[in-house]
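S.K.:
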Amino acid sequence: MSLFTLTLVVLASFVHATWNLLSKRAASAGPAFVFVYTVVACVAYGPWVVYLFLDHVMPWGMPMMLCILASGFLHLAYSLFLQRGYQVADLSVVYPVARGTGPLISTLAAFLILGEPVTLAGMVGLVAVVLGIVLISTRGRLAMLLQPEARVGVRWGAMTGSMIAGYTVVDAYAVKVVGVHPVVLDWFGNLIRMIILFPYVLRNRSESVLRMRGKWGLGVAVGLLSPLSYILVLWALRLGAPLSVVAPAREMSMMVGVMMGMVILREQVGFWRTFGCGLVVFGVVALANVHAG
27 MSLFTLTLVV LASFVHATWN LLSKRAASAG PAFVFVYTVV ACVAYGPWVV
77 YLFLDHVMPW GMPMMLCILA SGFLHLAYSL FLQRGYQVAD LSVVYPVARG
127 TGPLISTLAA FLILGEPVTL AGMVGLVAVV LGIVLISTRG RLAMLLQPEA
177 RVGVRWGAMT GSMIAGYTVV DAYAVKVVGV HPVVLDWFGN LIRMIILFPY
227 VLRNRSESVL RMRGKWGLGV AVGLLSPLSY ILVLWALRLG APLSVVAPAR
277 EMSMMVGVMM GMVILREQVG FWRTFGCGLV VFGVVALANV HAG
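Under this note's numbering, the sequence shown is numbered contiguously, ending at residue 319.
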């Protein structure tokens, strides 16, 4: 992988962690915030989609439509779960758990459902992710697992991660097999999310406007940055960067997110959460190497 493509992946990690930090700051706005940044994404990236429609032949048909619908619903659930997680728990808990759970679920499914052989690297990766999540949620005090408040962030992070696993499979199938352009897929997913959330926001418009007070700028920023982090990774892949390198390299965003939570949001991270996040990163890299092999 060239220095330029590595730079793209590193930049994508920082962009991804940044928009999650901004979402955490707007956590109290809930679904209204998700709606606002989705509208911004649709408007901002709409001209690019129009250009792609004019310049490319789209594989219109039932497979493409089903992929767009499935991706849209999974991304909607992902956004709502993530925003709810940020309402009830720290960024330094929800973010790494969400990012680590996706590869964990994918690997378990490969072992248990698809019958892939269990490897040493796979088992080490699984154990590292699970142990890392436990340390993040308990700050090293394992007895805290018996307390509901220690589990709430893990629960919402894991639910978010399960949606990441779901839309990763759907999006990969749509792009690689059906031939949907990634930017078109992402844009239509945002459009579906906007359409579904519109009745809720309209019905609760006074409350939504009140919740968004002081957060409009955050909504604009997330609407611009969220698709950008995805596009930067796709650009690196298009330039020839191997997925087996890009996928684990992206997970440095977990450490960036934890550091942002500690430095900017003044969350009580400490040694054990930092160490736990490092274990999750190590585990995800190990799992990525299993799938690359």
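We put the beta carbon where it would ideally sit given N, CA and C, even for glycine.
1. Answer with buried or exposed for Leu-223, where buried requires no fewer than 16 other C-beta atoms within 10 angstroms of its C-beta.
2. Round the Cβ separation of Leu-313 and Thr-64 to the nearest angstrom and send it over; I've been treating them as touching at under 8 Å.
3. So Trp-45 packs on Ser-255, CB below 8 Å; how close in whole Å?
4. Tell me the rounded alpha-carbon separation between Ser-54 and Ser-234.
5. If Arg-219 and Ser-105 are in contact, beta carbons under 8 Å, what's the gap, nearest whole angstrom?
6. My parser needs the alpha helix (DSSP H) runs of 4 or more residues fully inside the region 166-238; what are they?
7. Exposed or buried, Arg-229, counting other C-beta atoms within 10 Å across all chains shown (16 or more means buried)?
8. Is the CB-CB distance between Leu-130 and Val-155 below 7 Å?
9. How many Å lie between Gly-304 and Val-83 at the Cα?
10. By the 10 Å Cβ neighbour count, where 16 or more other Cβ atoms means buried, how is Phe-59 classified, buried or exposed?
11. Which one of Arg-177, Ile-190, Leu-265, Ile-162 has the shortest CA to CA distance from Gln-294?
12. Here's the rule I'm using: 16 or more other beta-carbon atoms within 10 Å means buried, otherwise exposed. How should Gly-205 be labelled?
13. Run the CB neighbour count on Arg-239, radius 10 Å, all protein chains shown included, and call it buried at 16 or more, exposed below.
14. Determine the DSSP secondary structure at Ser-255, reduced to helix, strand or coil.
15. Three or more C-beta pairs closer than 8 Å, one from the region 28-42 and one from the region 207-218: is that the case here?
M.R.: Taking the structure as given:
1. Under this definition Leu-223 is a buried residue.
2. Actually they do not touch by this definition, with Cβ atoms about 30 Å apart.
3. That belief holds up - the Cβ atoms of Trp-45 and Ser-255 are roughly 7 Å apart, short of 8 Å.
4. Rounded to the nearest angstrom, the two C-alpha atoms are 10 Å apart.
5. Rounded, the Cβ-Cβ distance is 7 Å, consistent with contact.
6. Within the region 166-238, the complete alpha helix (DSSP H) runs of at least 4 residues are 174-199, 208-229, 231-237.
7. So Arg-229 counts as exposed.
8. Their beta carbons are under 7 Å apart, which means Leu-130 touches Val-155 by this criterion.
9. Rounded to the nearest angstrom, the two C-alpha atoms are 44 Å apart.
10. By the neighbour-count rule (16 or more Cβ atoms within 10 Å), Phe-59 is buried.
11. Closest by alpha carbon: Ile-162.
12. Its Cβ having fewer than 16 others within 10 Å, Gly-205 is exposed.
13. Classification for Arg-239: exposed.
14. In this structure, Ser-255 counts as helix in the three-state DSSP scheme.
15. Fewer than three pairs of CB atoms, one per stretch, sit closer than 8 Å, so the region 28-42 makes no contact with the region 207-218.
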